[in-house]
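>
There are 2 protein chains.
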Amino acid sequence: MLSKKTQYAFKALEYLAQQHGKDPVKISNISIHQKIPLKFLENILVELKNAGLLESKKGKGGGYMLKVAPKNINLATVIRIINGPIALLPCVSLNFYEKCKDCNEETCGMRKMMLIARDATLRILEKKTLEDMIKNEV
Amino acid sequence: MLSKKTQYAFKALEYLAQQHGKDPVKISNISIHQKIPLKFLENILVELKNAGLLESKKGKGGGYMLKVAPKNINLATVIRIINGPIALLPCVSLNFYEKCKDCNEETCGMRKMMLIARDATLRILEKKTLEDMIKNEV
DNA sequence: TATATATCCTACCAAATTAGTAGGGATTAA
DNA sequence: TTAATCCCTACTAATTTGGTAGGATATATA
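Sequences listed follow chains A and B, in order.
Counting in this note's numbering, the first sequence tops out at residue 139, every number present.
Counting in this note's numbering, the second sequence tops out at residue 139, every number present.
1. Check whether the Cβ of B/MET66 lies closer than 9 Å to any Cβ atom in chain A.
2. Check whether the stretch 27-36 of chain B and the stretch 119-136 of chain A touch, using three or more Cβ-Cβ pairs below 8 Å as the test.
3. Could you check where the beta strand (DSSP E) with A/GLU56 kicks off and where it finishes?
4. From what residue to what residue does the alpha helix (DSSP H) around B/TYR9 run?
5. Going by other Cβ atoms of all chains shown within 10 Å of its Cβ, with 16 needed for buried, is A/THR7 buried or exposed?
6. For B/ASN73, is the classification buried or exposed, using 16 other Cβ atoms within 10 angstroms of its Cβ as the cut-off for buried?
7. Using the three-state DSSP reduction, which class does B/ASN137 fall into: helix, strand or coil?
8. Please specify which runs of the alpha helix (DSSP H), each continuous and at least 4 residues long, are wholly inside the stretch 70-124 of chain B, giving them in chain order.
9. Determine, using beta-carbon pairs with one atom in the stretch 73-82 of chain B and one in the stretch 47-58 of chain B, whether at least three such pairs fall under 8 Å.
10. Using a C-beta to C-beta distance shorter than 9 Å, which residues of chain B count as neighbours of A/LEU90?
11. Can B/ASP24 and B/GLY64 be called in contact, C-beta distance under 9 Å?
12. Which same chain residues end up closer than 6 Å to A/MET76 when comparing Cβ atoms and leaving out the 5 residues on each side of it in sequence?
13. Measuring CA to CA, which of A/GLU99, A/ILE87 and A/CYS109 is closest to A/ARG124?
14. Quick check: the Cα distance between B/PHE11 and B/ILE45, rounded to an integer number of angstroms?
15. Check whether the Cβ of A/GLY85 lies closer than 9 Å to any Cβ atom in chain B.
16. Bridge partners of B/MET66, per DSSP?
17. Give the single residue among B/CYS109, B/LEU116, B/LEU67 and B/GLU106 whose Cα lies nearest to the Cα of B/GLN20.
18. For A/ASN105 versus B/LYS113, is the C-beta spacing smaller than 9 Å?
19. Output, in chain order, the set of chain B residues within a Cβ distance shorter than 8 Å of A/PHE11.
20. Pull out every residue of the stretch 111-130 of chain B whose Cβ sits closer than 7 Å to any Cβ of chain A, in chain order.
21. Suppose the cutoff is 7 Å on Cβ atoms and the five residues either side in sequence are ignored; what does the same chain contact list for A/VAL93 look like?
22. Which one of B/VAL139, B/ALA13 and B/VAL47 has the shortest CA to CA distance from B/GLU37?
23. Could you name the residues of chain B that A/GLU15 contacts, counting a contact when the two beta carbons are closer than 9 Å?
24. What separation, rounded to the nearest whole angstrom, lies between the Cα atoms of A/HIS34 and A/PHE41?
25. Identify the residues that DSSP records as bridge partners of A/VAL26: which are they?
26. When we look at the beta-carbon of A/LEU95 and count the other beta-carbons within 10 Å, is it buried (16 or more) or exposed?
27. Answer with yes or no whether the minimum CB distance from B/VAL139 to chain A is below 9 Å.
28. Skipping 5 residues on each side, what residues in its chain have a beta carbon closer than 6 Å to that of A/LEU49?
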């Protein structure tokens, strides 16, 4: 399951995607509209900024903006930044790979199954973007 | 990611699947062959038994056996027993559903995306079985 | 019936992770 | 210069994870 932090990240990005192209959005604004604890949200936005998804402006009239267009931010990217690996096992993770001890990766049946599952999940999460997300709001 | 407990569960089931049809397998035997801490393994096996996947026999010559044939135990079932939900959000979970507050499930774009992702993942995890897993060991 | 062999049950524990909060520092617009 | 705004470091409580301890219970067999 995604952590609450990751869910908050998506909620914040969703809001910023809706405001894309307009003025910077203040943290307090996002916090109120999306019901995210303000100080917790600060942490989240800094992480998304450091990862290159957002840019910020300080001082009056400042706030956060998307640095990348909504259609170019896929869901897998967001999950990896805030939540971590998408794969079910470290030994089948593309971005957080860890060798598993006591198991031969060439022959491990569990690994093969989890590879197939990972591919199926990623096929969706890497294709769907923030734009898809907000366009699907009815 | 799957917890270590879930990975141990798969390792134990894999071993029991290989011994399917033969004599009961002792916990200590599984523990040694699959390198799982013995007392921790006890807990895991009891859970799998309570869920109906295993049966046990006490006393001399006793041990654990699969109650269900390997081809009838799919990976999603095992994950749900030991790890919990497979979906990325509680509000798209089939077996561990929870309503999300502050969000209309009919219109929520994030929910729609996570539903699609869940379906893709489940399509694999519900199709692949313990039999597939051990047949893929080379 | 006694004994050895197994599983089963209840309880406990340390370390890591999650979900925040507190308080002030740095930067910028006006 | 000052008010507004993001940024940084540190702390904390609650929960989850990954176990361990010790004995109770059931069973095969002599």
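Think of the CB as a built atom: it goes at the ideal place given N, C-alpha and C, for glycine as much as any other residue.
With the structure as the only source:
1. no
2. no
3. 55-58
4. Element bounds for B/TYR9: 5-19.
5. buried
6. exposed
7. In this structure, B/ASN137 counts as coil in the three-state DSSP scheme.
8. 76-83
9. yes
10. MET2, LEU3 and GLN8
11. yes
12. Reading the sequence as shown, one finds Leu at residue 76 of chain A and not Met. Taken in chain order, the residues that qualify are LEU126 and LYS129.
13. A/ILE87
14. 10 Å
15. yes
16. B/GLU56
17. B/LEU67
18. no
19. MET111
20. MET111, LYS113, MET114, ILE117, ALA118, ALA121, THR122, ARG124, ILE125, LEU126 and LYS129
21. ARG112, MET115, LEU116 and ARG119
22. Here residue 37 of chain B is Ile; the residue named in the question, Glu, does not match the sequence. The shortest C-alpha separation from B/ILE37 is found at B/ALA13.
23. GLY110 and MET111
24. Cα atoms of A/HIS34 and A/PHE41: separation of roughly 15 Å, rounded to the nearest angstrom.
25. A/TYR65
26. With fewer than 16 other Cβ atoms within 10 Å, it is exposed.
27. yes
28. Closer than 6 Å at Cβ, skipping near neighbours: LEU55.
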